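Residues in the sequence shown are numbered from 6 upward in steps of one, following the numbering used here.
Ideal Cβ placement from N, Cα and C applies to all residues, glycine included.
Since the model is a prediction, treat every value here as computed from it, not as a measurement.
Single-structure report; data block below.
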Amino acid sequence: MPTYWSIATASFRQYSTYRMATAAGVFTNTIFGLIRASIMIAAITTAGGELSGYTVAQAATYVWLGQALLAPIEAFGTREVSQRVHQGDVAVDLLRPTAFLGLYYAQKLGRSSFLLMGRGVPPLAVGALVTGLALPDDPLSYLLGAVSLLLAITVAFLGDMMVNLAAFWLLETRGLTVVYNAVMNLLSGFLIPILWFPDWLLTIARATPFPSMIQTPIDTLSGRVPPAEALPLVFTQVVWLAVLTLAAQLMLRAGVRSVEVQGG
């Protein structure tokens with residue numbers, strides 16, 4: 006455990022040195038947040054002040070929380086592991102005394118912790134000033150929201166890792182990454198709440214782990230879903246965490262055997 010803590014803190018310090026990139030990310034997140042909030046507020050206003058359970062204030066809060074979570078969840082994916090597989094550097098990772106998934110998960114937690122504070126909180130503060138935020142009065146919503154956020158980051162990490170691990174069998178994973186990111190951003194509720202989907206698409210979304218990455222933590226943190234109703238959603242996150250952990254482990258083992266069969 007101390008080893009993984011050291012890895013996480015080193016990852017946090019590493020990303021804290023990218024000050025210009027952080028500032029650029031904050032600016033971009035804020036501008037897109039303003040655009041998305043304007044569109045969603047206009048849609049709800051046109052609908053009469055409420056749309057599928059979302060008021061104007063709740064929709065604005067949804068947008069700003071989504072912008073705050075965009076960077077720590079890394080909604081657009083990563084390619085580090087796939088590149089290391091293609092370059093053969095993954096052999097070094099497999100020889101380390103730490104578990105492969107544990108190593109990258111510790112890096113993810115350190116990186117996400119900084120991104121949440123450095124690139125997530127500032128746009129959220131701007132949103133509070135410009136449109137206002139509808140936040141819960143029940144302290145349990147914040148506690149449960151923090152748990153849901155950690156689970157969301159973990160589920161997103163596992164999904165992204167599985168896409169990267171496909172590099173053991175694919176010569177190029179960029180196309181798969183693009184498709185995965187497009188589907189994830191839609192079905193997770195990042196673009197619009199999944200409750201705004203037609204019934205057939207809502208059913209598909211709920212059958213995937215993607216809402217556990219964005220929709221669930223936002224609804225829990227914002228208090229739009231009360232704690233008693235949020236508990237089943239958090240439990241669903243736990244189930245997906247277990248399923249994706251098992252799937253990622255199986256992919257990793259099969260990938261390692263594939264590398265060994267190929268002679269290296």
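Taking each of 125, 205, 224, 250 in turn and checking the Cα distance to residue 29, the smallest one comes out for 125.
Residue 79 and residue 161 have their alpha carbons spaced roughly 8 Å apart. Secondary structure note for residue 117: its alpha helix (DSSP H) is the uninterrupted segment 105 to 120.
Residue nearest to residue 59 within the set 248, 224, 256 is 224 (criterion: CA-CA distance). In this model, residue 130 and residue 18 are separated by some 23 Å (Cα to Cα).
Taken through DSSP and simplified to helix, strand or coil, residue 23 comes out as coil. Approximately 5 Å separates the beta-carbon atoms of residue 194 and residue 219; this is inside 8 Å, confirming the contact. Secondary structure at residue 56: strand, using DSSP grouped into helix, strand and coil.
For residue 162, the enclosing alpha helix (DSSP H) has its first and last residue at 144 to 170. Ranked by Cα distance from residue 42, the first of 98, 70, 141 is 70. Closest option to residue 250, judged by alpha-carbon separation, among 48, 232, 106: 106. Using a C-beta cut-off of 8 Å, the stretch 44 to 53 makes no contact with the stretch 138 to 147, since fewer than three inter-stretch Cβ pairs fall below that distance.
Across the set 115, 123, 55, the C-alpha of 115 shows the shortest separation from the C-alpha of residue 13.
Counting along the chain, residue 206 sits inside the alpha helix (DSSP H) bounded by residues 204 to 211. A straight-line Cα-Cα distance of about 21 Å links residue 7 and residue 156. Contact between residue 171 and residue 192 fails: their C-beta atoms lie close to 19 Å from each other, not under 8 Å. Excluding the 5 residues flanking it on each side, residue 215 has same chain C-beta neighbours closer than 6 Å at 189, 192, 193, in chain order.
Looking at 37, 45, 259, 21, the one whose alpha-carbon comes closest to that of residue 198 is 45. In the three-state reduction of the DSSP assignment, residue 33 falls in the helix class. By the 16-neighbour rule on beta-carbons within 10 angstroms, residue 203 is exposed. Here DSSP, grouped into helix, strand and coil, assigns residue 79 to coil.
Rounded to whole angstroms, the gap between the alpha carbons of residue 153 and residue 90 is 31 Å. Counting along the chain, residue 85 sits inside the alpha helix (DSSP H) bounded by residues 85 to 92. A Cβ-Cβ separation of about 30 Å leaves residue 134 out of contact with residue 239 under the 8 Å criterion.
One alpha carbon belongs to residue 39, the other to residue 88, and they sit about 35 Å apart.
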